[in-house]
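So the structure is just underneath, and the comments pick up after that.
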Amino acid sequence: MVILSGSHCSIKVDFLPKLTRFRRMLDVVAIGHALLDRIYRLAALPRPGSGSRILAAYETPGGLEANVLAALARLGARVGLIGRVGDDADGQRVLADLDAWGIERQRVAVVPGLRSDYCIIWVDPRGERMICCGGEGVLGLRLTPEDEAYAAQARIVFASAYVPLGAVAPLFARARAEGRRTAFDLADVLPDLEARGLRREALVALIPTVDLFLCNGLSLSTLMAEAEPLAAFAAFRRAYPGPILAMSLGTAGAWLARGDEVEHIPAFSVEAVDTTGAGDAFHAGLIHGLFLRDWGLARAGRFAAALAALNCLGLGARGGLAGEEEVERFLLNR
């Protein structure tokens, strides 16, 4: 503050910004899961009525949204999470993990008596897995005005269909109205999502506010009522021409579409240790490439595929996450 004085008047000039209210814009804010994965390495994934020997057991950090944010943070983005954990031991471990990955967590509420979210994951020697999840954190998530203000600081807002769409919709609508980006992961087959409380009509209403629609072949097939993933891919493009569409098919690669442009992105062959989190890493790579680097579909897709492949070389959902330079070195040799 400076005061200018003269013979007839004095003028108080307040030219300094209120530093307590200033903060640099976040790159990505996600609303959703941060949890613990309890992973069991098996001799073989059991069929119904059969069993399998547990070869090893361990716990690692996980949660779809937290995994994507961790990958983006590793790539240099500034990220934050809106979510809930319980005041149990799992919740405390989740909070410590968010800190370790550089994920802002001031909008992660600690709710007394809440059972923190968790996943149980079975992995076979080839890295293939089965996942079951429980807990009460995300299913009861409701936005506060402070949550909405926090998300409004982000260039990109990300969420999945695991999150109540009543919480996602206002964040996406505001982001689109303000010229910011949105990314949405369909995450699972429609019957499972509906068992979690998702309503198809709410999902359909959300899609026009999505800039990047992420899915796998099975989830998209159930949404579009098509038996084959490529038929579902074509049907989605006809029904919803607005979003960039990204459909991953595991070892068969991925298909990307933006308007009339369509790209097939081959998967990279690696000696996978654990494929848990590969899809989350792929989606983080797309967000990074398409929105934070403004690359074209082919370059962003290839980068994302490399990021996913590298992540499969470590244990757990984030065991092999790489920085941008490491991904680029991997690509130079392919």
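Going by our numbering, the sequence shown opens with residue 23, and the numbers climb by one from there.
Think of the CB as a built atom: it goes at the ideal place given N, C-alpha and C, for glycine as much as any other residue.
In this text the structure is predicted, and so the values were computed from the model without any measurement.
{"query": "Jot down the residue ranges of each uninterrupted beta strand (DSSP E) in the segment 172-207, minimum 3 residues, whole runs only, in chain order.", "result": "176-182 and 203-207"}
{"query": "What did DSSP end up calling R260 once you bin it into helix, strand or coil?", "result": "helix"}
{"query": "Do you know how far the Cα of L242 is from the Cα of R106?", "result": "28 Å"}
{"query": "Hey, how far is the Cα of L343 from the Cα of L225?", "result": "30 Å"}
{"query": "State the Cα-Cα distance for the pair R222 and A261, rounded to the nearest angstrom.", "result": "15 Å"}
{"query": "Going by other Cβ atoms of all chains shown within 10 Å of its Cβ, with 16 needed for buried, is P83 buried or exposed?", "result": "buried"}
{"query": "Name the two residues that bound the continuous alpha helix (DSSP H) containing N89.", "result": "L86 to R96"}
{"query": "Using the Cα positions of L353 and D109, report the straight-line distance between them to the nearest angstrom.", "result": "43 Å"}
{"query": "Roughly how many whole angstroms lie between the Cα atoms of A331 and R69?", "result": "27 Å"}
{"query": "Where do the ends of the beta strand (DSSP E) carrying S291 lie?", "result": "No beta strand (DSSP E) contains S291, which DSSP labels as neither H nor E."}
{"query": "Using a threshold of 8 Å, is the CB atom of L86 nearer than that to any non-hydrogen atom of the ligand NAD?", "result": "Absence of the ligand NAD from the depicted structure is noted, as is the absence of any ligand whatsoever, leaving it without description."}
{"query": "Can you find the residues in the same chain that come closer than 7 Å, C-beta to C-beta, to R324, ignoring five residues on each side of it along the sequence?", "result": "I287 and L353"}
{"query": "Could you tell me which residues DSSP pairs with V284 in its beta bridges?", "result": "A279"}
{"query": "Residues in the same chain with beta-carbon distance under 7 Å from S270, minus the five sequence neighbours each way, listed in chain order, please.", "result": "N238, A276, G301 and F304"}
{"query": "Spell out the partners DSSP gives L238 in its beta bridges.", "result": "In the sequence under discussion, the amino acid at residue 238 is Asn, which differs from the Leu named in the question. According to DSSP, N238 bridges with S270."}
{"query": "DSSP puts E126 in a beta bridge; with which residues?", "result": "G102"}
{"query": "Which value, in whole angstroms, describes the spacing of the CA atoms of C141 and D210?", "result": "14 Å"}
{"query": "Specify whether the segment 119-126 and the segment 139-155 touch according to this definition: at least 3 beta carbon pairs, one from each stretch, less than 8 Å apart.", "result": "no"}
{"query": "Could you name the residues of the same chain whose beta carbon sits closer than 8 Å to that of G71, not counting the 5 residues immediately before and after it, in chain order?", "result": "none"}
{"query": "Return the first residue and the last residue of the beta strand (DSSP E) that D59 is part of.", "result": "L57 to L64"}
{"query": "When you compare the CB positions of A189 and L228, do they come within less than 9 Å of one another, or not?", "result": "no"}
{"query": "The alpha helix (DSSP H) that contains D139, what's its start and end?", "result": "Counting along the chain, D139 falls outside any alpha helix (DSSP H), and DSSP gives it neither H nor E."}
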